[in-house]
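In this note's numbering, the protein residues as written are 221 to 694.
All residues carry an ideal CB built from backbone N, CA and C; glycine is no exception.
Take a look at the structure set out below.
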């Protein structure tokens, strides 16, 4: 047989691979004519092995909790600046002391591993203290944005079953009735005298392990109700350990924290600098970057493409920024080229990942004039492109992206049915009990093993990187 093709549309290597697949398909039909067409495979062993090689991402990381990595930085250099907000700042030692005292307070009142604690604060230094308090007490944080509609806050508090809510007087005065949920949750106000002098400043011991929950992030749900995604300590520790080695110390020296704590990009912005002994530069909104007093300290910005585009139009990128990480929505080549051409930024990264896989699942250093790609899996993560039958598809063929590895969430809080629907038994597992997360994203493997994002299987849309389900709007 002969195959004629348009060389403007196809590479010769693609055509040869397609012919090989066709031959394998015909051979499979002849060998087992009773087999359903959907169960026929046309991948060779070499292609199976190649995809396994692309997913060989194992990297050892510490068997510890998130706060233990931060405590190590406190011991190493307690006087170093940890968090900056406006003209105010906290050293590592002061951040640790303040969070330890309140953690002891909560432990004395029964807080321990996996106890859910809400945190509803205005954006300032207290927010970082509060997040660290929850981790040190062994609890699991449930972020509550005081700017959210009251109906959503009421739902989040009731659905998560929080026992305590860390807040401030101004927030509690306006939202206390909603947050207290009929008295089932108690408020703990950071800016009032709760008796801190009675509690020690030493690091508490709670029995919390890397397998315990660190936080619950709520994402929009197609049923109209948000769903809570439970992330364990070890999942974020694995991501942070990879990131500490992937970005250099000078690149991480001053990391901008502009993302809402209700959005999972914030976990990178808050905990990467604190785990690496550098500075977390807190700001209310990335679009107010031009007014930030310490803007010259920023070396790395982590945000969504639409925000980067707005900063570019305003010429608001600080001169010291050399690295920008863009995530949350598709990154177009035109924006990448503009960032390289009109700023001093030296590296533009495309980072992809759902909340269900701990913030980031794949990474790609995008190039000037390069094609769009979400890259390869981060350390300890695997990415599979599967068809409707759960079988691998060849590179170049569109399929659904499934993720596995140490970043997978424990599941959806209180939704065992939805957890079973989205977190499935691993179809290619080497060990019993392995799972994959079904993303609903359409992708394909490029010839070099990088992934190209092509859209969604459902009607989920995003606004400035935030997942929006139309059912919730309705």
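Considering only the alpha carbon of each residue, which of the options lies closest to residue i?
{"i": "residue 279", "options": "666, 619, 602", "result": "602"}
{"i": "residue 459", "options": "636, 658, 573", "result": "573"}
{"i": "residue 552", "options": "586, 231, 656", "result": "586"}
{"i": "residue 470", "options": "520, 547, 646", "result": "520"}
{"i": "residue 281", "options": "653, 627, 658, 668", "result": "627"}
{"i": "residue 334", "options": "480, 267, 453", "result": "453"}
{"i": "residue 258", "options": "533, 314, 647, 611", "result": "611"}
{"i": "residue 290", "options": "329, 332, 352, 347", "result": "352"}
{"i": "residue 529", "options": "515, 550, 465", "result": "550"}
{"i": "residue 467", "options": "391, 438, 568, 486", "result": "568"}
{"i": "residue 634", "options": "434, 301, 558, 449", "result": "449"}
Tell me which residues share the same chain as residue i and place their Cβ nearer than 8 angstroms to its Cβ, disregarding the 5 neighbours each side in the sequence.
{"i": "residue 676", "result": "660, 661, 662"}
{"i": "residue 178", "result": "Any question about residue 178 goes unanswered here, given that the chain covers just 221 to 694."}
{"i": "residue 245", "result": "260, 262"}
{"i": "residue 566", "result": "542, 543"}
{"i": "residue 268", "result": "612"}
Excluding five sequence neighbours on each side, which residues of the same chain lie with their C-beta closer than 6 angstroms to the C-beta of residue i?
{"i": "residue 684", "result": "524, 526"}
{"i": "residue 503", "result": "478, 512"}
{"i": "residue 326", "result": "357"}
{"i": "residue 362", "result": "336, 338, 380, 382, 436"}
{"i": "residue 354", "result": "337, 361"}
Run through DSSP, which three-state label would residue i get?
{"i": "residue 654", "result": "coil"}
{"i": "residue 570", "result": "strand"}
{"i": "residue 354", "result": "helix"}
{"i": "residue 594", "result": "coil"}
{"i": "residue 414", "result": "coil"}
{"i": "residue 553", "result": "helix"}
{"i": "residue 452", "result": "strand"}
{"i": "residue 577", "result": "helix"}
{"i": "residue 260", "result": "coil"}
{"i": "residue 680", "result": "coil"}
{"i": "residue 398", "result": "helix"}
{"i": "residue 565", "result": "coil"}
{"i": "residue 520", "result": "strand"}
{"i": "residue 330", "result": "coil"}
{"i": "residue 325", "result": "helix"}
{"i": "residue 225", "result": "coil"}
{"i": "residue 375", "result": "helix"}
{"i": "residue 368", "result": "coil"}
{"i": "residue 560", "result": "helix"}
{"i": "residue 465", "result": "helix"}
{"i": "residue 631", "result": "strand"}
{"i": "residue 619", "result": "strand"}
{"i": "residue 458", "result": "helix"}
For residue i, which residues in the same chain have their Cβ closer than 7 angstroms to its Cβ, ignoring the five residues on either side in sequence?
{"i": "residue 641", "result": "none"}
{"i": "residue 275", "result": "597, 602, 603"}
{"i": "residue 670", "result": "584, 593, 595, 596"}
{"i": "residue 350", "result": "339, 341, 386, 410"}
{"i": "residue 284", "result": "430, 457"}
Applying the 10 Å Cβ sphere with the 16-neighbour rule, what's the burial state of residue i?
{"i": "residue 513", "result": "exposed"}
{"i": "residue 305", "result": "buried"}
{"i": "residue 394", "result": "exposed"}
{"i": "residue 286", "result": "buried"}
{"i": "residue 432", "result": "buried"}
{"i": "residue 522", "result": "buried"}
{"i": "residue 447", "result": "buried"}
{"i": "residue 222", "result": "exposed"}
{"i": "residue 651", "result": "exposed"}
{"i": "residue 426", "result": "buried"}
{"i": "residue 364", "result": "buried"}
{"i": "residue 506", "result": "buried"}
{"i": "residue 249", "result": "exposed"}
{"i": "residue 600", "result": "buried"}
{"i": "residue 534", "result": "exposed"}
{"i": "residue 474", "result": "buried"}
Run through the DSSP bridge pairs and tell me what residue i is partnered with.
{"i": "residue 602", "result": "624"}
{"i": "residue 384", "result": "337, 406"}
{"i": "residue 582", "result": "572, 597"}
{"i": "residue 644", "result": "656"}
{"i": "residue 671", "result": "595, 665"}
{"i": "residue 363", "result": "339"}
{"i": "residue 310", "result": "303"}
{"i": "residue 687", "result": "682"}
{"i": "residue 501", "result": "304, 476"}
{"i": "residue 447", "result": "439"}
{"i": "residue 242", "result": "BP columns for residue 242 are empty, so no partner."}
{"i": "residue 545", "result": "522, 569"}
{"i": "residue 433", "result": "452"}
{"i": "residue 612", "result": "606"}
Got a sec: does the ligand SAH put a non-hydrogen atom nearer than 8 angstroms to the Cβ of residue i?
{"i": "residue 527", "result": "As for the ligand SAH, it is missing from this structure, which has no ligand bound."}
Give a yes or no on whether 9 angstroms exceeds the smallest Cβ distance from residue i to chain D.
{"i": "residue 408", "result": "Absent from the structure is chain D; it holds one protein chain and no more."}
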